[in-house]
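So the structure is just underneath, and the comments pick up after that.
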Amino acid sequence: MDDLKYGTRNKRGDWAPNEPAGTAPLFVFPPRPLAVLTWLPHYFLPYNLLFALSAVAWWRFVLPDVEVMKTLSLGWILRLFIVNCGALLVFFGVFELRLYILRAQGNRFKYNGKWPSEQKSKAFFFENQNIDNMLRTFGTGMPIWTAIEVAILYAYANGYVPWLTFAEHPVYLFCLALVVPIIHETHFFLLHRTIHWGPLYKWVHSVHHNSVNPSPWSSLSMHPVEQLGYLGVAFWHLIIPSNPLLALYQLHYAGFGAIPGHVGFDKVELTEDTSVDSHAYIHYLHHKYFEVNYGDGLIPFDRWFGTFHDGSKDGEARMQARYEKKKARANAAAK
């Protein structure tokens, strides 16, 4: 595919789409029903349906019987941890292998013209972004992921929280499944804004932002505190009357679903003429500019709070104006 039909590349080799980034046509006034209908397939495909099906697969083939989950035993917990790690290795690894190791589509649709493997930095373990990101993902991220999963399943199995069944509450649980992405977006935005506060950014979130040029393994490369907060979105299903299958979906949506925003390419080519949109541009701009796009655009939180950057020159001007106001307030407070 010719990526210059869809965007432009600057002298540094950085690619940007022609069309500014947009937010979903939800929660807007006046309502835009035709826009919602046109956008609706993107709500399910390709990612949301995949993560929902993965949760069903875990429930059917990976997790033990409920009676077994009533007890915290090493056997089923270790098996779950190994399966989680293996699945993540394959899922993230496919993107890494195709786009960054084999470079099957070269730098077509690649936002940042540089390759992380060719950039050494003392911010990373062994001065290598990929090694650092993988160590953080599997060293702390996957144990935390599995611990959250085990805690939720243990609570449901022992009746510590209400377990609604699909047979008795089909409509409610179907609607709850539909809003899993909305729960994620709300949780992520609130957490993300919080950890951009000075001390928390310095000690926690800066670890993730070391990957200014993110790649697939950057997705869950975070400080353990951030990993716990980010993946902990699944704990909402211990507060909201729910079902453990939906809690699994919520966790998979956060864990596996971290990759679209960090893949580093606007489109992943499937053939010479077809591709899949990554929907990564909004979050890529966050990694580039730090103080914009705290959400992913499903809910227009950043538009409401004045922190949205769509990648356009107007978006750049708005960002710079906001920075100048912030600088002026800081200077005034220092006098």
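All the letters of the sequence shown, read from the start, carry residue numbers 23 to 357 under this note's numbering.
For each residue, glycine too, the CB sits at the ideal point set by N, CA and C.
Because the structure is a prediction, the values reported are computed rather than measured.
Cα-Cα separation between Pro63 and Ala350, rounded to whole angstroms: Looking at the two C-alpha atoms, the distance is approximately 44 Å.
For Val290, the nearest candidate out of Pro52, Tyr223, Gly128 (CA to CA): Closest option to Val290, Cα to Cα, is Gly128.
Is Leu163 helix, strand or coil when you go by DSSP? The residue you asked about is not Leu; residue 163 is Gly in the sequence shown. Helix.
What would DSSP say about Gly29, mapped onto helix, strand or coil? Strand at Gly29.
For Pro42, collect the residues of the same chain with a Cβ closer than 6 Å to its Cβ; drop the 5 residues on either side in sequence, then sort them by chain order. Listed in chain order, the non-local C-beta contacts of Pro42 below 6 Å within the same chain comprise Asp332, Gly333, Ser334, local neighbours out to five positions each way being set aside.
Skipping 5 residues on each side, what residues in its chain have a beta carbon closer than 6 Å to that of Pro86? Its chain contains Trp98 as the residues whose beta carbon lies nearer than 6 Å to that of Pro86, once the 5 sequence neighbours on both sides are disregarded; these appear in chain order.
Contact under 7 Å by Cβ, Phe188 with Leu195: For Phe188 and Leu195, yes; Cβs fall inside 7 Å.
Are the CB atoms of Ala256 and Pro282 nearer to each other than 7 Å? No.
Identified DSSP bridge partners for Ser76: Residue pairing from DSSP leaves Ser76 without any beta-bridge partner.
Helix or strand or just coil, what does DSSP make of Ser264? Ser264: strand per DSSP, three-state reduction.
Segment contact flag, the stretch 173-180 with the stretch 88-95, C-beta cutoff 8 Å, min 3 pairs: Touching, yes, given that three or more Cβ pairs across the two stretches are closer than 8 Å.
For Glu118, the nearest candidate out of Glu190, Phe327, Trp239, Arg34 (CA to CA): Minimum Cα-Cα distance from Glu118 among the listed residues Glu190, Phe327, Trp239, Arg34 corresponds to Trp239.
For Tyr311, which residues from the same chain have a beta carbon less than 8 Å from its beta carbon, with the 5 sequence-adjacent residues on both sides left out? Within the same chain, Tyr311 has close Cβ partners His331, Met341.
Helix, strand or coil for Asp299? Go by DSSP, reduced to three states. Looking at Asp299 - three-state DSSP - the assignment turns out to be strand.
Quick check: the Cα distance between Glu346 and Val229, rounded to an integer number of angstroms? CA-to-CA, the gap between Glu346 and Val229 works out to about 26 Å.
Taking the beta strand (DSSP E) that Lys289 falls in, what are its first and last residues? Following the DSSP letters along the chain, one finds Lys289 inside the beta strand (DSSP E) bounded by residues 289-291.
Three or more beta-carbon pairs under 8 Å between the stretch 322-329 and the stretch 216-229, yes or no? Under the three-pair Cβ rule at 8 Å, the stretch 322-329 does not count as touching the stretch 216-229.
Classify Thr293: buried if its beta carbon has 16 or more other beta carbons within 10 angstroms, exposed otherwise. Looking at its Cβ environment, which holds fewer than 16 other Cβ atoms inside 10 Å, Thr293 is exposed.
Tell me the residue span of the beta strand (DSSP E) that contains Ala280. Counting along the chain, Ala280 sits inside no beta strand (DSSP E), nor does DSSP assign it H or E at all.
Alpha-carbon to alpha-carbon, Gly29 and Ser243: Each residue's alpha carbon lies about 29 Å from the other.
Hey, how far is the Cα of Phe73 from the Cα of Leu157? Looking at the two C-alpha atoms, the distance is approximately 24 Å.
Less than 7 Å between the beta carbons of Gly163 and Gln249, yes or no? For the 7 Å CB-CB criterion, Gly163 and Gln249 form a contact.
Excluding sequence positions up to five away, which residues of its chain have a Cβ less than 6 Å from the Cβ of Ser241? The beta carbon of Ser241 is closer than 6 Å to those of Ala280, Ile281, His284 in its chain, skipping five residues each way along the sequence.
Counting Cβ pairs closer than 8 Å, one from the stretch 33-51 and one from the stretch 135-144, do we hit at least three? In this structure the stretch 33-51 lies against the stretch 135-144, because at least three pairs of beta carbons, one per stretch, are closer than 8 Å.
Among Phe113, Asp288, Ser264, whose alpha-carbon lies nearest the alpha-carbon of Gly277? Ranking the options by Cα distance to Gly277, first place goes to Phe113.
Between Gly317 and Pro236, how many whole angstroms is the CB-CB distance? I'm expecting something under 8 Å. Contact between Gly317 and Pro236 fails: their C-beta atoms lie close to 17 Å from each other, not under 8 Å.
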